[in-house]
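A short worksheet on the structure shown next.
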Amino acid sequence: MTGADRERYSRQIFFAGIGEKGQEALLRSRTVMVGCGALGSFQAAALARAGAGDLTIIDRNYVEPSNLQRQWLFEEADACQALPKAAAAERRIAAINSSIHVRGIVADLTASNASELLGDADLILDGTDNFETRYLINDFAVSRGIPWIYGAAVGSYGLSMPVLPGRTACLRCVYPNPPGGVQPTCETAGVLNVIASLIASYQLGDALKILCGRPDLVRPRITRVEIWEGGTRQTEAPPRDPDCPTCGRREFPYLEESRRAPVTLCGRNAVQVHERERPIDLTALKGRLEPLGEVRANEFALRFLNAPYEMTIFPDGRAIIKGTSDPGIARSLYARYIGQ
Ligand SMILES: [Zn+2]
Numbered sequence: 020m021t022g023a024d025r026e027r028y029s030r031q032i033f034f035a036g037i038g039e040k041g042q043e044a045l046l047r048s049r050t051v052m053v054g055c056g057a058l059g060s061f062q063a064a065a066l067a068r069a070g071a072g073d074l075t076i077i078d079r080n081y082v083e084p085s086n087l088q089r090q091w092l093f094e095e096a097d098a099c100q101a102l103p104k105a106a107a108a109e110r111r112i113a114a115i116n117s118s119i120h121v122r123g124i125v126a127d128l129t130a131s132n133a134s135e136l137l138g139d140a141d142l143i144l145d146g147t148d149n150f151e152t153r154y155l156i157n158d159f160a161v162s163r164g165i166p167w168i169y170g171a172a173v174g175s176y177g178l179s180m181p182v183l184p185g186r187t188a189c190l191r192c193v194y195p196n197p198p199g200g201v202q203p204t205c206e207t208a209g210v211l212n213v214i215a216s217l218i219a220s221y222q223l224g225d226a227l228k229i230l231c232g233r234p235d236l237v238r239p240r241i242t243r244v245e246i247w248e249g250g251t252r253q254t255e256a257p258p259r260d261p262d263c264p265t266c267g268r269r270e271f272p273y274l275e276e277s278r279r280a281p282v283t284l285c286g287r288n289a290v291q292v293h294e295r296e297r298p299i300d301l302t303a304l305k306g307r308l309e310p311l312g313e314v315r316a317n318e319f320a321l322r323f324l325n326a327p328y329e330m331t332i333f334p335d336g337r338a339i340i341k342g343t344s345d346p347g348i349a350r351s352l353y354a355r356y357i358g359q
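Residue numbering for the sequence shown follows the numbering used here, beginning at 20 and increasing consecutively.
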């Protein structure tokens, strides 16, 4: 550590839990953040300021005006230019701390690129907005023995849970399968910026212990916070399930690309998401989407206009998204408005 580092991180080094040894470990650490929305942008800024030496930020979306309410890294100019979040985040993080290494990757995390993007990580932080990606992270992290920290926030509620492979319950020990049907999302149920930063902070508390070389201090518990009605509840996570398909039987189906609903281009500027095992109640979905744009629905299909996109959703879960030819954007819109 240089003299400048000692000065810069002095308040953290004086903190007995970290000290100079912990700071040195933090400076050598490699963290990957999957998703750079409300959770991910707060995580990235906090870790950069703390001197986490190597940060990778993966995100498939572009900055929009509606992001600015809660996504701490971005500014109006980023939204005006519709910059990729990963690129805007990389630039801003480099300005916050030029002595660490940061790279932003504009990509959709998939089974085929997981090894390349996550393989070197000491820690993976969940900043995603969908369960499909969380189950993929869980499979990858358990298969490689990399710790990861689950986090989610919607409305005024959120939760976080650390997963230390081999030691604590993994995501599938607790939730064997992703939730089905239509899920509330930040687009349909809204979200308070403070619940997102609070959940990110709980994730970061555990992240700092892991990156400072003290993973033994991480307690296997689930933290649930409801910030509007009030209340924080921390419960011990259940013990590892010896029969868990992921950490017990070591089956990793989410690492097989064929597991995902395939996405195909259809027409010049449209993408089809071939989800067929996700029955959707179109009447309930209509109620959720009506405040957000024009919705027309009958028993066969629901059409949702939200410029520049037009989504047609079928009762079996299939969707055609007009207005893009980018499969990552199509998956993202599906996750936002239908839930995943
Ligand atoms: Zn498990």
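We put the beta carbon where it would ideally sit given N, CA and C, even for glycine.
Could you have a look at residue i and say whether DSSP puts it in helix, strand or coil?
i: Arg30; result: helix
i: Ala215; result: helix
i: Pro310; result: helix
i: Arg49; result: strand
i: Arg153; result: helix
i: Phe323; result: strand
i: Ile348; result: helix
i: Leu128; result: coil
i: Glu206; result: helix
i: Asp9; result: Beyond the ends of the chain as shown, which are 20 and 359, falls residue 9; an answer cannot be given.
i: Glu329; result: strand
i: Thr360; result: Since the displayed the chain opens at 20 and closes at 359, residue 360 lies outside it and no answer follows.
i: Tyr176; result: strand
i: Glu294; result: coil
i: Asp24; result: helix
i: Tyr273; result: helix
i: Gln253; result: strand
i: Arg240; result: strand
i: Ile340; result: strand
i: Asp148; result: coil
i: Ile37; result: coil
i: Asp141; result: coil
i: Asp158; result: helix
i: Glu245; result: strand
i: Val82; result: coil
i: Arg315; result: strand
i: Gly123; result: strand
I want to check one thing, is the minimum distance from the CB of residue i to the heavy atoms of ligand 2 below 7 angstroms?
i: Asp260; result: As far as ligands go, the structure on display features ligand 1 and does not contain ligand 2.
Would the beta-carbon of residue i be found less than 7 angstroms away from any heavy atom of ligand 1?
i: Arg191; result: yes
i: Gly336; result: no
i: Ala256; result: no
i: Cys263; result: yes
i: Ala160; result: no
i: Gly358; result: no
i: Gly54; result: no
i: Cys266; result: yes
i: Ala188; result: yes
Please report the Cβ distance between residue i and residue j, rounded to the nearest whole angstrom; I am assuming they are in contact, meaning their Cβ atoms lie under 8 angstroms.
i: Gln62; j: Ala219; result: 5 angstroms
i: Arg307; j: Val237; result: Rounded, the Cβ-Cβ distance is 36 angstroms, inconsistent with contact.
i: Leu45; j: Ala71; result: 6 angstroms
i: Ala140; j: Arg269; result: Not a contact, Cβ separation roughly 20 angstroms.
i: Ile240; j: Gln253; result: Here the sequence assigns Arg to residue 240, which means Ile is not the residue at that position. Right, the Cβ-Cβ distance comes to about 5 angstroms (below 8 angstroms), so this counts as a contact.
i: Ser351; j: Asn288; result: In fact, because the Cβ distance is near 16 angstroms, the residues do not count as touching under 8 angstroms.
i: Arg259; j: Ala188; result: 5 angstroms
i: Val51; j: Leu137; result: 5 angstroms
Quick check: what's the CA-CA separation for residue i versus residue j?
i: Leu217; j: Arg68; result: 17 angstroms
i: His120; j: Ala133; result: 20 angstroms
i: Glu248; j: Gly209; result: 15 angstroms
i: Leu142; j: Ala320; result: 42 angstroms
i: Pro298; j: Pro334; result: 6 angstroms
i: Gly224; j: Arg89; result: 20 angstroms
i: Lys341; j: Val314; result: 15 angstroms
i: Ala101; j: Ala107; result: 9 angstroms
i: Asp300; j: Gly336; result: 9 angstroms
i: Gln42; j: Thr302; result: 54 angstroms
i: Ala226; j: Pro234; result: 9 angstroms
i: Glu318; j: Glu135; result: 43 angstroms
i: Arg355; j: Phe33; result: 43 angstroms
i: Pro198; j: Ile115; result: 38 angstroms
i: Lys305; j: Ala338; result: 14 angstroms
i: Met180; j: Pro203; result: 20 angstroms
Note to self: Three or more C-beta pairs under 8 angstroms: does that hold for the stretch 271 to 279 against the stretch 144 to 158?
What the structure shows: Contact annotation: the stretch 271 to 279 touches the stretch 144 to 158, with at least three C-beta pairs closer than 8 angstroms.
Item checked: the stretch 64 to 83 / the stretch 158 to 174 touching (three or more Cβ pairs under 8 angstroms) -> Counting Cβ pairs under 8 angstroms, fewer than three are found: no touch.
Note to self: Does the contact criterion of 3 or more C-beta pairs under 8 angstroms hold for the stretch 175 to 186 versus the stretch 323 to 333?
What the structure shows: Touching, no, given that fewer than three Cβ pairs across the two stretches are closer than 8 angstroms.
Check: Are the stretch 184 to 192 and the stretch 248 to 266 touching by the rule of at least three beta carbon pairs closer than 8 angstroms?
Finding: Between the stretch 184 to 192 and the stretch 248 to 266 there are three or more C-beta pairs closer than 8 angstroms, enough to call the two in contact.
Notebook entry, point to check: Would you say the stretch 204 to 215 touches the stretch 230 to 241, given that touching needs at least three Cβ pairs under 8 angstroms?
Noted result: No: the two stretches stay apart, fewer than three of their Cβ pairs being nearer than 8 angstroms.
Check: Counting Cβ pairs, one atom from each stretch, are 3 or more of them under 8 angstroms apart for the stretch 122 to 129 and the stretch 26 to 41?
Finding: The answer is no - the stretch 26 to 41 does not touch the stretch 122 to 129, with fewer than three Cβ pairs under 8 angstroms.
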